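Here the structure is laid out as structure tokens; the discussion comes afterwards.
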Amino acid sequence: MTRTVAVIGAGPAGLMAADVLQSHGAQVQVFDAMPSVGRKFLLAGIGGLNLTHSEAMPGFLARYAQRAPALAPHLDAFGPDAVRAWALALGIKTFVGTSGRVFPTDMKAAPLLRAWLHRLRVGADGRPPVQFHMRHRWLGWAGDGTTLRFEHADGELAFAADATVLALGGASWSRLGSDGAWVPLLAARGVDIAPLRASNCGFDVAPTGPDRAGWSAHLRERFAGEPVKPVAITAADSQGVVHRQQGEFVVTQTGIEGSLVYAFSAGLRDAIAAQGHATLTLDLLPQHTLDQVRAETRRPRGTRSLSTHLKSRLHLQGVKMGLLHELLSPAQLNDPDVLAGFIKALPLLLAAPRPIDEAISSAGGVRFEALDARLMVRAQPGLFVAGEMLDWEAPTGGYLLTACLATGRAAGQGVIDWWHAA
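The UniProt record's numbering applies: residue 1 is where the sequence shown begins, and numbers increase by one.
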């Protein structure tokens, strides 16, 4: 007898669950509120689809911090090497970049998604075709507690399935479908859910002067949108461990954002929640030692301005000089030793993370403690959860997508295992 599974959410986790279920002969019906499949996946691939990361275990696993133990069995079963093999089976070759990140050779998301959807829709090798139902917004369950309810253009649809996989994403980029509307639906069923929070996000800076909110008008007008590079950030993580990393970030109208900031976002966010603020330290010249910088700030500059002197001697200019003028007093700028210290360790006070809808991803979600090893909800047998709906977070760099694929695969396999155990 062919059994029917409803997969709600047509992102990477949902599609992977559908892939696994289809391979076991299940009739899979995929529902999504958006007009087309994988919208956030395609957006993430605009600058080059970062599929996974080549970092070896256990370093790779450590990126998931407190949730590493919960994700370990799923990533062991479908980790970075498996992701690359899966892409190759779809005709997509990959390569490892200089940073260790893994990309398709053409850097694009669309060809991989097209090949994947073709395999799902055609259902070759005896696989039943996967059916897709777009513009179907999940509303929860009917009165019997088992029948699914969906809103679509023609009204409301009731759908009965032998099992359901939820892969609705978190609460970032709601215009692409991840709006967190599932939280009250599951909470009403007694599912334990950690509050959704911004992850891999930008931050607003604390006021940098009296009677001023955030950056000064001068810095906003002159440097908003400018990248700061190379630069190193030092900050504590959510466990209080201090880390240093070099890269680049962007000055925004209200603060800072970018890949280097995202790497520290979890610890900064948690510090703000606990203390009302967080501080990171900027090394504006990471390629220079403090002694080298001090030697140049002490060097007589004659009639030259400070900006001209630092540009000539240390190539310090533009937005970096703007930050020094923004954050230091005239007395600090004119003391060579104090200035050198701040060039190498400039504290920046942060007031708040940017709204969750602007974040790359979200933290929080269905706690693993509410699920069994198959990712099935203990309080509702036959209901499985995958992807960013789960309570985990990770930095950018391929870690997010890998865990979404791995948990999608685990949820699909979990349905099969549950059926076999029945």
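Glycine residues also receive a C-beta, built at the ideal position from the N, C-alpha and C atoms. Just so you know, these numbers come straight off a predicted model, no measurement behind them.
The secondary-structure analysis by DSSP pairs I193 across a beta bridge with V366. If the five residues before and after P381 are omitted, its C-beta is found closer than 8 Å to the C-beta atoms of W418, all from its own chain and listed in chain order. Taking a C-beta distance under 9 Å as the contact criterion, M389 and A167 qualify as a contact pair. Collapsing the DSSP output to three states places F60 in a helix. Within the region 23 to 83, the complete alpha helix (DSSP H) segments of 4 residues or longer fall at 39 to 44, 59 to 62, 68 to 77, listed in chain order. Q22 counts as buried, since at least 16 other C-beta atoms from the protein chains shown sit within 10 angstroms of its C-beta. Per DSSP, the beta-bridge partners of T279 are L349. Residue range 399 to 421 is occupied by the alpha helix (DSSP H) that includes A403, with no beta strand (DSSP E) assigned at that position. In the three-state DSSP reduction, I8 falls in the strand class (E or B). Between the alpha carbons of A421 and R374 lies a gap of roughly 12 Å. Per the DSSP secondary-structure output, F342 pairs with nothing in a beta bridge.
When beta bridges are read from the DSSP output, M376 appears opposite F384. If the five residues before and after T297 are omitted, its C-beta is found closer than 7 Å to the C-beta atoms of P336, L339, A340, all from its own chain and listed in chain order. By the Cβ criterion, the region 356 to 368 is in contact with the region 392 to 404, since at least three pairs of Cβ atoms, one from each stretch, lie closer than 8 Å.
Taking one beta carbon from each stretch, the region 45 to 63 and the region 175 to 185 have fewer than 3 pairs nearer than 8 Å; the two do not touch. Rounded to the nearest whole angstrom, the CA to CA distance from R269 to L310 is 34 Å. Residue state for D204 is assigned as strand, using DSSP reduced to three classes. As summarised for the UniProt domain "RsdA/BaiN/AoA(So)-like insert" (215 to 361), the continuous beta strand (DSSP E) elements at least 3 residues long and confined to that stretch are 227 to 236, 242 to 251, 255 to 257, 278 to 283, 346 to 353, given in chain order. According to the DSSP assignment, R119 belongs to no beta strand (DSSP E) but to the alpha helix (DSSP H) extending over 110 to 122. In this structure the region 108 to 119 touches the region 86 to 93; the number of beta carbon pairs closer than 8 Å is three or more. About 5 Å separates the CB atoms of Q27 and T2; that is less than 8 Å, so the two are in contact.
Taking C-beta separations shorter than 7 Å and ignoring five residues to either side along the sequence, the partners of A68 in its chain run L61, A62, following chain order. According to DSSP, T94 shares a beta bridge with P104.
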